[in-house]
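Read the structure below first, then the notes.
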DNA sequence: CTGAAAGCGCTTACAG
DNA sequence: CTGAAAGCGCTTACAG
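Chains as they are written, first to last, in the working numbering: chain A, -5 to 330; chain B, -5 to 330.
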């Protein structure tokens, strides 16, 4: 493989001059620029990313820190990873995948080895331990997820609170007065899954404002259990004729449960749901819903961390992506 | 951050000596080794991966080339990515995610920038264009997928042919004489999806040997369509009472379709299926099946490419992972 | 505008 | 066993 020296020789200039046209940071005469570019093409030269990184202290690589959680590991992850990598590339960055079960040590090692310029932390929870090495080293990073205390780190997420309000409003607007709130498993809230907590709080508050009674049902993330539990609830005498679902497993199994009981949507049962876009696609979920926005979130996340790398002194930002309702006619109008 | 020079000064030795204890490639007196290690710990020194890469021409990074295909993009991808990254780390490698839609240029750019020591090509098809820059540059690589012509590159995959035979045998052993073969969409075979082709060929051949008549049904990958098409087929008068499924969308929707028609499994309809492990988990698929082996495949893939990096002259290997049947009682015995 | 020199943080022959 | 020197392939002040 050709080096910058080969190009310099071929073009009859110095290595610094070649470097100048490469980086574009220094003025170069049009003539010499042409010569250099010809040499580059002739030798099909390409700059050695590692060498450049050593010289500039910039790896042009982002570390994406995956937090694997059995209860959440969903089809959504791949969509985020691909979207992040695509967005990073657009900005000239590569993506290093960090999947170590101990996310803290994954971050620490990447910092120690100076492998990345910044981090994208996926699936951030309250008091996420991965924040520790980040906050300590002051390394550029962005959280995907919105904990109460971001510790001065940029953060981004879908606006789950707004999503909760939108879905509650939709039920209330159609005249519903009560609904079963199908939640994630209790442990997920305890573990601080920020999206679950934010959604729940906003939904409950808005529901009380709109006089919609929400009956909580803690769901499972095991498909079979989710299905059984939905079936139990739906066949319970006096159970609400509407469902507000925030639980991917339940959303996926709900069509089965409804089927089991012969409940037509929306005639006999109304449904609104918040779930991952990928889930909706895979299962062809027929519910009026708010869906995750992997591409929008990924692009904004990359933007934030790239900006942070450029200027570490900017004040930290917390960005919420506005959710939007996908109307699929799964809510009936209740005559008042 | 401390450098090797800082450590050398702290320990009162030369940088070469520090390097020797770091790499372990040269003998060092126990005493000096202790001194150096103390200094390393005191300064919490860690070697700069980029600098080492420049000096050794080894990046210790693997490029994972994702081929995004609308029809196949499934929950399976994340499982492979995580498993690959985990396996790589075990071997001391990091993983760079390459998601460029044009996989060829992704590979070329990673080679040009000398960003990786080797590649793992996911979801390889017949005449995969990504093979071109690999074959040309002689870069270490492993194909996940088994094209006819691997062009001298190592390859690994689940043994889809064996899987086809296992499933056909299972039906035949239970006395079935005919079954609907739910296939992938036609285009997938045309595009050279090697797993689809290998499965089909072996299943057809074994079926003819076992006198099991297979009635092909080309499935869709759109869930709604898959469901409708299954319903049509199952309600067609005289349609077989057994299904051999190789199509993730169809496998996912099959429980719905069976439900729609009130067909109990295995009493009124027998089912065997080959699908991704992740799909089975997400949908709690209740079918006797052969499932993909993301962890096994990923580990073997990393092993192969790491071996190849170490010794480029070894003859190329094609490794098939033996599939195994997960019995879930979805096949009835037919009295002969 | 161009180039010689130094430096980024390592490793690796090569002497001693 | 240890160290001085050269080198990996770049970039970046600094002179000119």
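All residues carry an ideal CB built from backbone N, CA and C; glycine is no exception.
Under the DSSP assignment, residue 99/B falls in the alpha helix (DSSP H) whose first and last residues are 97 to 106. Residues of the segment 264 to 278 of chain A with a Cβ closer than 9 Å to any Cβ of chain B, in chain order: 272, 273, 275, 276, 277 and 278.
Contact residues of the segment 240 to 259 of chain A toward chain B are 242, 243, 246, 247, 249, 250, 253 and 254 (C-beta to C-beta distance below 9 Å).
Counted as a single uninterrupted DSSP element, the beta strand (DSSP E) harbouring residue 174/A occupies residues 172 to 177. Residues are counted here when their Cβ sits less than 7 Å from a Cβ of chain B; for the segment 190 to 205 of chain A the count is zero. If one requires a minimum length of 3 residues, the beta strand (DSSP E) runs lying completely within the segment 207 to 271 of chain B are 207 to 212, 236 to 239 and 264 to 269, in chain order.
Residue contact check for residue 175/A against chain B: no CB pair falls below 8 Å.
Residue 140/B counts as buried, since no fewer than 16 other beta carbons sit within 10 angstroms of its beta carbon.
For residue 285/A, the three-state secondary structure derived from DSSP is strand. If you draw a straight line from the Cα of residue 210/B to the Cα of residue 94/A, it is about 44 Å long. Selection 99/B, -3/B, 27/B and 230/B evaluated against residue 106/A yields -3/B as nearest (Cα-Cα). The three-state secondary structure of residue 1/A, taken from DSSP, is helix. With a cutoff of 8 Å on beta-carbon distance, residue 97/A and residue 134/A are scored as not near each other.
One thing to note: residue 285/B has its Cβ within 8 Å of the Cβ of residue 271/B. At least 8 Å separates the beta-carbon of residue 215/B from that of residue 238/B. Around residue 42/B, the beta-carbon contacts reaching into chain A at under 8 Å are 48, 107 and 108. Contact fails between the segment 77 to 92 of chain B and the segment 146 to 166 of chain A, because fewer than three Cβ pairs, one in each stretch, are under 8 Å apart. Close to chain B, meaning a Cβ-Cβ distance shorter than 8 Å, are the following residues of the segment 83 to 94 of chain A: 83, 88, 89, 90, 91, 92, 93 and 94. Using a Cβ-Cβ cut-off of 8 Å, residue 53/B is close to 44 of chain A, given in chain order. In this structure, residue 110/B sits near residue 56/B, with a CB-CB distance shorter than 8 Å. In the displayed model, residue 55/B falls within a strand according to three-state DSSP. Per the C-alpha coordinates, the member of 314/A, 15/A and 32/A positioned closest to residue 189/A is 314/A. Within 7 Å of the CB of residue 71/B, the CB atoms of chain A belong to 72, in sequence order along the chain. Note on residue 36/B: under 16 other CB atoms within 10 angstroms of its CB, so exposed under the neighbour-count rule. Per DSSP, residue 113/A is one residue of the beta strand (DSSP E) stretching across 112 to 115.
The shortest C-alpha to C-alpha distance from residue 42/A to any of 203/A, 128/A, -1/A and 258/A is the one to -1/A. In the DSSP annotation of this structure, the continuous segment of the beta strand (DSSP E) that includes residue 135/A starts and ends at 135 to 138. Here residue -5/A is exposed: its Cβ has fewer than 16 other Cβ atoms, across all protein chains shown, within 10 Å. Assignment of beta-bridge partners to residue 315/A by DSSP yields 152/A.
Per DSSP, residue 324/B lies in no alpha helix (DSSP H) segment and is marked neither H nor E.
At least 8 Å separates the CB of residue 317/A from every CB of chain B. Secondary structure of residue 278/A (DSSP, three-state): coil. The residues 208, 210 and 238, in chain order, have a CB closer than 6 Å to that of residue 175/A in the same chain once the five nearest residues on each side in sequence are set aside. Sequence-distant Cβ neighbours of residue 170/A in its own chain, meaning closer than 7 Å and more than five residues away, are 206, 236, 264 and 328. The beta-carbon of residue 113/B is placed no less than 8 Å from the nearest beta-carbon of chain A. For residue 217/B, the neighbours in chain A by C-beta distance under 7 Å run, in chain order, 276, 277 and 278.
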